[in-house]
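Each remark here refers to the structure printed beneath this line.
Numbering (our numbering), first residue to last: 14 to 291.
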């Protein structure tokens, strides 16, 4: 039986997708079982989606486009909207800004930045969070995080600078194989022409000055060449547009970059650590 709180948790985009799917299914004269068989789902799964017991999944939207879309692209367009409303609430305002960015300056000093996580690393990290998410919620968040990678291959190139604290590279998430894969992927990303990846070494503070002490930092240049800062901690977020503050963040980023290893030495360290974990 459908629970009221399940329906209330379904966002507007998922509700719209369910309503459109039902109308298009009926127009084609298909039962739920028939559509399910055609798509590789059970009739019960189609029923649960239409009745909002279970929000439409990303994979189901892909199959709905093939089974009902008829080349319109309507369900493909809904995928982005549904993904967005499944993201953590504090991240929803920033996600579209990130995807439209012309340049990003990123510093990660706790875990690998979300844009550069492998699926296995992201799943281990998300599943180990608190409060503990349900398996369904873990999958939703992993799908959303992996979807962010579209930015890396966008036709209108986004130039990205990423500085990773060395502690991030040495902090095991998941198991040894998960970390080896993650480090190998970082090395692969470092070879991209639009990515400049540097490592802030553990001994950066030996001189009495550690520029990365204030934590993660994300600065975005928008298509109209404004710059904004995004900060997130303990499930709370802050989007900063004040030019004076953003300028300070860029200057702080420059300090972090100045203390980091150069790209060639950074890549060498990542490759060395990846090999050490085999």
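All C-beta atoms in this analysis are idealised placements derived from N, C-alpha and C, irrespective of residue type, glycine included.
- Residue ranges of uninterrupted alpha helix (DSSP H) with 4 or more members, entirely inside the segment 164 to 196 and ordered along the chain, are 179 to 183.
- A straight-line Cα-Cα distance of about 21 Å links residue 102 and residue 119.
- One Cα belongs to residue 167, the other to residue 87, and the distance between them is close to 21 Å.
- Annotated three-state conformation of residue 79 is helix, per DSSP.
- Per DSSP, the beta bridge partners of residue 246 are 249.
- If you draw a straight line from the Cα of residue 104 to the Cα of residue 250, it comes to about 7 Å.
- Put simply, the backbone Cα of residue 98 is about 45 Å away from that of residue 220.
- Only residues of its own chain outside the window of five on either side were considered, and among them 65 have a CB closer than 7 Å to the CB of residue 28, listed in chain order.
- Contact between the segment 47 to 64 and the segment 117 to 131 is absent, with fewer than three C-beta pairs closer than 8 Å.
- The shortest C-alpha to C-alpha distance from residue 259 to any of 227, 246, 240, 206 is the one to 240.
- Considering only 136, 70, 184, the residue with the shortest C-alpha distance to residue 122 is 184.
- Non-local beta-carbon contacts of residue 52 in its own chain, meaning distances under 6 Å to residues more than five positions away in sequence, involve 76, 80 in chain order.
- Cα atoms of residue 279 and residue 174: separation of roughly 13 Å, rounded to the nearest angstrom.
- Shortest Cα-Cα distance from residue 246 to any of 231, 257, 256, 235 involves 231.
- Here residue 234 is bridged, per DSSP, to 116, 240.
- Look at residue 125 here: in three-state DSSP terms it is coil, with no helix or strand label.
- Out of 211, 69, 56, 242, the CA that lies nearest to the CA of residue 275 is found in 211.
- By DSSP's assignment, residue 213 forms a beta bridge with 178.
- Secondary structure at residue 208: strand, using DSSP grouped into helix, strand and coil.
- Under the DSSP assignment, residue 136 falls in the alpha helix (DSSP H) whose first and last residues are 132 to 140.
- In this structure, residue 134 sits away from residue 176, with a CB-CB distance that is not shorter than 8 Å.
- No residue range can be given for residue 102, since it is assigned to no alpha helix (DSSP H) and is classified by DSSP as neither H nor E.
- Counting only the Cα atoms, residue 188 lies some 15 Å from residue 198.
- In the displayed model, residue 41 falls within coil according to three-state DSSP, outside both helix and strand.
- Shown here for residue 178: same chain residues with a beta carbon closer than 7 Å to its own, the five before and five after excluded, namely 121, 122, 213, 225 in chain order.
- Going by DSSP, residue 145 is part of no alpha helix (DSSP H) at all; its letter is neither H nor E.
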